[in-house]
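Note sheet for the following structure.
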Amino acid sequence: MKTLLIVLSTIGLLSLSSCNQGADPQALLENPETRTEVFNAVTENHDYMTEFMESMHGSQHTMAMMQGNKKMMGSMMQGEGMQMMMKDSTMMHSMMNQMMNDGKMMGTMMKMMHEKGMMSEDCMESCSKMMGEKGMDMQNMNSPNKQDHTEHH
0 MKTLLIVLST IGLLSLSSCN QGADPQALLE NPETRTEVFN AVTENHDYMT
50 EFMESMHGSQ HTMAMMQGNK KMMGSMMQGE GMQMMMKDST MMHSMMNQMM
100 NDGKMMGTMM KMMHEKGMMS EDCMESCSKM MGEKGMDMQN MNSPNKQDHT
150 EHH
């Protein structure tokens with residue numbers, strides 16, 4: 000009788016445990032309400048967001064999409080976005096690598112740093128000259144009100 004009870008209990012437990020269904024991430028994300036809840040849960044939790052950003056930085060596709068999004072890049076360059084990037088070494092290195100490959104972005108960054116008093120005029124000119132010598136196209140980084148007198152000398 001004891002053996003029969005143990006066997007039936009084991010069969011019952013195995014039957015119930017086999018009913019456990021794993022959540023399919025794709026199926027969860029297809030529902031707009033569920034997708035919004037997942038996004039909110041990630042963005043409102045510091046640890047989840049940090050892990051998510053690290054995952055994004057590991058994806059070339061994601062980095063290309065972020066770099067191509069001018070609105071997002073502009074937002075990151077202004078306000079507290081710069082301070083946030085400076086504190087996150089992964090994000091800072093990723094941004095630096097992107098800027099080193101994009102002369103226009105580097106020029107915009109240098110111009111912004113100069114306007115905010117983070118970079119002197121001499122430093123900006125020196126960096127521009129060095130980058131020009133390295134073949135980086137700064138795409139008219141200098142503001143239009145500055146005159147280029149090199150043609151006169």
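Residue numbers (numbering that gives the first Met the number 0): 0 to 152. Glycine residues also receive a C-beta, built at the ideal position from the N, C-alpha and C atoms. Model, not experiment: these values are computed from the prediction.
Where residue i falls, given that 16 or more other Cβ within 10 Å makes a residue buried
| i | result |
| --- | --- |
| residue 8 | exposed |
| residue 108 | buried |
| residue 102 | buried |
| residue 127 | buried |
| residue 131 | exposed |
| residue 93 | buried |
| residue 150 | With a pLDDT of 44 at residue 150, under the threshold of 50, the predicted position of this residue should be treated as unreliable, though the coordinate-derived value follows. By the neighbour-count rule (16 or more Cβ atoms within 10 Å), residue 150 is not buried but exposed. |
| residue 146 | Any reading at residue 146 must be qualified, since the residue scores a pLDDT of 42, below 50, and its modelled position is unreliable; no value is offered. |
| residue 148 | Only weak support is given to the placement of residue 148: the predicted model assigns it a pLDDT of 42, under 50, and the value that follows is read from those uncertain coordinates. Exposed, since its Cβ has fewer than 16 Cβ neighbours within 10 Å. |
Alpha carbon of residue i to alpha carbon of residue j, nearest angstrom
| i | j | result |
| --- | --- | --- |
| residue 1 | residue 29 | 49 Å |
| residue 152 | residue 135 | Its pLDDT being 39, under 50, residue 152 is placed unreliably in this model, and the value from its coordinates should be taken loosely. Roughly 24 Å separates the two Cα atoms. |
| residue 38 | residue 91 | 24 Å |
| residue 47 | residue 54 | 10 Å |
| residue 133 | residue 51 | 35 Å |
| residue 27 | residue 41 | 14 Å |
| residue 143 | residue 58 | Only weak support is given to the placement of residue 143: the predicted model assigns it a pLDDT of 42, under 50, and the value that follows is read from those uncertain coordinates. Roughly 37 Å separates the two Cα atoms. |
| residue 115 | residue 49 | 28 Å |
| residue 22 | residue 129 | 54 Å |
Anticipated Cβ contact below 8 Å, residue i with residue j, distance rounded
| i | j | result |
| --- | --- | --- |
| residue 105 | residue 111 | About 11 Å; that fails the 8 Å criterion. |
| residue 62 | residue 56 | 7 Å |
Run of the alpha helix (DSSP H) containing residue i, from where it starts to where it stops
| i | result |
| --- | --- |
| residue 130 | 120-132 |
| residue 103 | 102-114 |
| residue 117 | Counting along the chain, residue 117 falls outside any alpha helix (DSSP H), and DSSP gives it neither H nor E. |
Requested in this report: State whether the segment 85-94 contacts the segment 116-127, with contact taken as three or more CB pairs (one from each stretch) at a distance under 8 Å.
Outcome: Not touching, per the Cβ criterion.
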